[in-house]
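Reviewing the structure listed below.
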Amino acid sequence: MAAPTTCTKHFTTEAGTTYTYDYLPAKGGNSTVLFLHGFPSTRDDWHHQFDFLSSAGYGVIAPDMLGFGDSDRPTDPAAFRTKPLTNDIISLLDAEGLDSVVGVGHDYGSDFLSRLYYYHQDRFERLAFLSVGYSPAGYRVDVDAINAASLAASGFTQFGYWYFMDAYDGAPVIAENLESFYSIIYTPDAASWPSSFAHIGGLRSWLTNGTNIGPVASWDTQAHKDNWMRLFGRDDAMESALGIYRRLMRGINAADEAGLDPAAATVKVPVLVIGGSRDAVTPAAWAVANTRPFAVAGIQHYAVDAGHWVQMERAGEVNSALLAFVQGR
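The opening position of the sequence shown corresponds to residue 748 in this note's numbering, with each subsequent residue numbered one higher.
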């Protein structure tokens, strides 16, 4: 089977925002899969799935989300208000003539996919959530409560790093210690995340001490790291990317979601959840538990032997599960 040739394209919205994305059309009337990456990633993190599903005849489209990669990088947190950004992605699909897609999100991409589906339900055939489950519209993330509960249950704060991401000096500290940041994000040692990343003060300490794990993980590549370092080493790259945390910490979506009932935000298409059994911050069971009550059309779920980056760490298993799901099996 010949390897697909990726077509990188650019799309500019009516408001003047430019997105960079990779797109290969479907063959023989097959569905197209929309891939939405998380933090701090780019469309490059989907290359295993992109190549595999394209080779199987499915359409694949993967944008760099706003604030990431080669898409525009605003630094005002208000630019990351989710509702208008969902309209951007729908406009991109319209530009390619895609009336409906299978949505696949990872991490922040799962959160975004949840809202994208809520506001544009007629555009989706199926939804797959990787590492982070479904987040119903109208649900406010109470970071303090989550951290208090996780601290009492496990001795570490699940989302303690969110405070650092929202701090005035979060982006500069990361930018000054970028390779150290990469080493804890794409770590070969998922067990280190509770203390070195998630817990309050853990990430700041890791970075300011200049800690570096060393060579890339066995499931990662030096080429991936080099490209990541190039993209996130640009001026304001990290300042922009952190906007996705600041929109939540600062209530950017509050006006859009005021009065919405999370219990009514059900998913009326089939759902797949894939999580990592060694993901210490967003474990597979947590992602499934958050999704199941809303998946009224059915849910499939798998836990693979991985940390947070399931699509990279267990690419073969994730590819097989996605193919079966897209095929309706």
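Beta carbons are placed, not taken as given, at the ideal position from N, Cα and C, and that holds for glycine.
Close-in-space but distant-in-sequence residues of the same chain around residue i (CB under 7 angstroms, 5 per side omitted)
{"i": "D983", "result": "R820 and T822"}
{"i": "A803", "result": "L1070"}
{"i": "V888", "result": "L995"}
{"i": "D913", "result": "Y992, R993 and M996"}
{"i": "G1075", "result": "none"}
{"i": "V1016", "result": "F871, E872, R873, L874 and A1044"}
{"i": "G998", "result": "none"}
{"i": "G775", "result": "G804"}
Under the three-state DSSP convention, the category residue i falls into
{"i": "D889", "result": "coil"}
{"i": "I1021", "result": "strand"}
{"i": "I1046", "result": "strand"}
{"i": "T767", "result": "strand"}
{"i": "P1009", "result": "helix"}
{"i": "T934", "result": "coil"}
{"i": "H795", "result": "helix"}
{"i": "P919", "result": "helix"}
{"i": "P787", "result": "coil"}
{"i": "R828", "result": "coil"}
{"i": "F944", "result": "helix"}
{"i": "R1076", "result": "coil"}
{"i": "P810", "result": "strand"}
{"i": "T759", "result": "strand"}
{"i": "F871", "result": "strand"}
{"i": "F911", "result": "helix"}
{"i": "L1069", "result": "helix"}
{"i": "T833", "result": "helix"}
{"i": "L989", "result": "coil"}
{"i": "T779", "result": "strand"}
{"i": "V1057", "result": "helix"}
Cβ-Cβ distance between residue i and residue j below 8 angstroms
{"i": "A964", "j": "P1009", "result": "no"}
{"i": "Y805", "j": "V1057", "result": "no"}
{"i": "G880", "j": "Y864", "result": "no"}
{"i": "E1060", "j": "A1050", "result": "no"}
{"i": "A875", "j": "L783", "result": "no"}
{"i": "I931", "j": "S943", "result": "yes"}
{"i": "I837", "j": "R862", "result": "no"}
{"i": "G980", "j": "L925", "result": "yes"}
{"i": "Y768", "j": "L877", "result": "no"}
{"i": "I1021", "j": "A1062", "result": "no"}
{"i": "A900", "j": "E1004", "result": "no"}
{"i": "H795", "j": "N1066", "result": "yes"}
{"i": "S927", "j": "G907", "result": "no"}
{"i": "V1014", "j": "A970", "result": "no"}
{"i": "D854", "j": "F786", "result": "yes"}
{"i": "G1023", "j": "A1031", "result": "yes"}
Proximity winner among the options, relative to residue i (alpha-carbon distances)
{"i": "W966", "options": "A937, G980, M985 and T958", "result": "A937"}
{"i": "G852", "options": "A895, A826 and S882", "result": "S882"}
{"i": "D791", "options": "T833, M976 and E1064", "result": "M976"}
{"i": "G1045", "options": "E872, V1065 and Y855", "result": "E872"}
{"i": "T764", "options": "L813, I808 and Y908", "result": "L813"}
{"i": "A1001", "options": "K830, W909 and Q969", "result": "K830"}
{"i": "P736", "options": "I991, L954, A1011 and L860", "result": "Nothing about residue 736 can be reported from this structure: the residues present for the chain run from 748 to 1076 only."}
{"i": "N959", "options": "C754, D973, I808 and Y929", "result": "Y929"}
{"i": "F859", "options": "V890, L832 and A988", "result": "L832"}
{"i": "P962", "options": "D973, T759 and R1025", "result": "D973"}
{"i": "N834", "options": "F815, H867 and A809", "result": "H867"}
Proximal residues to residue i (C-beta, below 6 angstroms), its chain only, five neighbours per side dropped
{"i": "E761", "result": "none"}
{"i": "Y886", "result": "P1009"}
{"i": "E986", "result": "T822 and A918"}
{"i": "F827", "result": "G990, I991 and R994"}
{"i": "F911", "result": "G917, L950 and R951"}
{"i": "A773", "result": "T779, Y805 and G806"}
{"i": "T1029", "result": "S878 and V879"}
{"i": "I947", "result": "T904 and G907"}
8 angstroms CB neighbourhood of residue i in its chain, flanking five on each side removed
{"i": "A1027", "result": "A937, A938, W940, P941, A945 and G1054"}
{"i": "D811", "result": "Y766, T767, Y768, H784, T789, R790, D817 and S818"}
{"i": "L898", "result": "T904"}
Below-8 angstroms beta-carbon distance, residue i vs any chain C residue
{"i": "R997", "result": "Looking for chain C here will not work: only one protein chain is present."}
Does the pairing of the region 775-785 with the region 841-853 give three or more beta-carbon distances under 8 angstroms? yes
Would the region 905-925 count as touching the region 1034-1041 if we require 3 or more Cβ pairs under 8 angstroms? no
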